[in-house]
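**Student:** Got a structure for you, questions after.
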Amino acid sequence: MNRGRSRLWDIATTALVILSGVFILLPILWVFLTAFKSEIDVYDLSLLFKPTVKNFREIFSNPQFKLGQALGSSLIVAFSTIAIAIPVSTLGAYGFARFRMIGGRLAFFSVLATQFVPAVVIIIPFFLLARDLGMLDRHVTLIVINLAIVTPFAIWMIMGFIEGIPLDTEESAMVDGAGRWRVIRDIVIPMAAPGIITAAIFSFILSWNEFLFALMISQQDLRTWPITLALFSDEQGVRWEYLSAAGVIAMAPMFVLALLIQKHFVKGMTMGAVR
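In our numbering, the protein residues as written are 11 to 285.
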């Protein structure tokens, strides 16, 4: 009886996982197929159509969109964000995990609590501050805002991995003459690498897809990729074939990044789930 229930549960779980996968992947498949369709084939649900790369050529050759500059802007903002956020978050996570101080936990939860503030609430203060400092229409403004968004999350994620490192390992290294910085460099960072890489991926995704604060950029040459995608919708309608082609390009860095560090990412997610 129990064996039958267990088998039924396994079948139901497998079916649910498959349905969830289909539910998640179908929109991505639709975007991918539409990117290679002509305008007259967009609303045809048939899988039999003549693929074309015309959409990709046209969106890059059209001076109205300036997709090349938008792609460069998004890459600059995203990579600059993780280049600053991950080292800072790693050191911050190590400090919260290893040093016991009065109000330390309160400080940590105060930093983490910033994640619960809706972005729409703080966009006006950020805009006014950037205007008063003369930092509107600059990439550095988006980088600073992205740092404020991703750093608390990265600290929280990396801190969990550092807390899983045995303290005896660090103490043994210090007894042998290693200083604090060497311990962090040679012991903590390698052992917490899956968590650091996972935090870097999520930070990159959040920065790459950031839309609301990027609206503060009014200069077309500095617009990021998500803002440029909105240009494919106007009073005449939506050019789905163009929007899908741009969407495929937007997903490309994520796929490349996932393939390059898949092993560390899966390990990081698994260890985080177990914890």
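Just so you know, even glycine gets a beta-carbon here, dropped at the ideal spot from N, CA and C.
1. Would Thr1 and Ser213 qualify as a contact pair, given that the criterion is a beta-carbon distance under 8 Å?
2. Sort Val121, Leu36, Asp244 and Trp218 by Cα distance to Thr161 and report the nearest one.
3. Ignore the nearest five residues each way along the sequence and tell me which others in Thr44's own chain have a CB closer than 7 Å to its CB.
4. Cα separation between Arg233 and Val185?
5. Please report how far the alpha carbon of Leu225 lies from the alpha carbon of Thr179, in whole angstroms.
6. What alpha helix (DSSP H) runs, 4 residues minimum, are completely inside the segment 192–239?
7. Does the segment 59–76 come close enough to the segment 187–194 that 3 or more CB-CB pairs lie under 8 Å?
8. Could you give the residue range of the alpha helix (DSSP H) that holds Pro135?
9. Closest by CA to Arg195, which one among Leu101, Leu36, Ser30 and Phe223?
10. Taking just the CA atoms, how far does Val32 sit from Trp40?
11. Which class does Asp244 belong to by DSSP, given the choice of helix, strand or coil?
12. Going by beta-carbon coordinates alone, are Phe106 and Ile155 separated by less than 8 Å?
13. Nearest-angstrom Cα distance between Ala283 and Phe171?
14. Determine the contact status of Phe89 and Leu152, defining contact as a CB-CB distance below 8 Å.
15. What is the DSSP secondary structure of Asp20, counted as helix, strand or coil?
16. Within the same chain, show all residues whose beta-carbon is closer than 7 Å to that of Val258, passing over the 5 residues directly before and after it, in chain order.
17. Please identify the residue among Leu26, Met201 and Met261 whose C-alpha is closest to the C-alpha of Glu173.
18. With respect to the alpha helix (DSSP H) encompassing Ile92, which residues constitute its N-terminal and C-terminal limits?
**Tutor:** Once the coordinates are examined:
1. This structure does not reach residue 1, given that the chain is present from 11 up to 285, and the question cannot be answered.
2. Among Val121, Leu36, Asp244 and Trp218, the Cα nearest to that of Thr161 is on Val121.
3. If we look at Thr44 and ignore the five residues flanking it on each side, its Cβ neighbours are Val52, Trp250, Glu251 and Ser254.
4. Rounded to whole angstroms, the separation of the alpha carbons of Val185 and Arg233 is 52 Å.
5. So the alpha carbons of these two residues sit roughly 47 Å apart.
6. 203–219 and 235–239, all fully within the segment 192–239.
7. A contact between stretches requires three or more CB pairs, one per stretch, nearer than 8 Å, and the segment 187–194 fails this requirement with the segment 59–76.
8. It spans Ala129 to Asp142 - the alpha helix (DSSP H) in which Pro135 sits, taken as one unbroken run.
9. Nearest of Leu101, Leu36, Ser30 and Phe223 to Arg195, Cα basis: Leu101.
10. Approximately 12 Å, taken between the alpha carbons.
11. Asp244 sits in a strand when the DSSP states are folded into three classes.
12. At the C-beta level, Phe106 and Ile155 stay beyond 8 Å of one another.
13. At Ala283, the pLDDT of 43 sits below 50, so the modelled position is not reliable and the matter cannot be decided from this model.
14. Not in contact: Phe89 and Leu152 (Cβ atoms no closer than 8 Å).
15. Asp20 falls in the helix class under three-state DSSP.
16. In the same chain as Val258, and ignoring 5 residues on each side of it, the C-beta atoms closer than 7 Å to its own belong to Val41, Phe42 and Ala45, in chain order.
17. Glu173 has its Cα closest to that of Met201, out of Leu26, Met201 and Met261.
18. Taken as a continuous stretch (DSSP letters only), the alpha helix (DSSP H) holding Ile92 covers Leu77 to Arg108.
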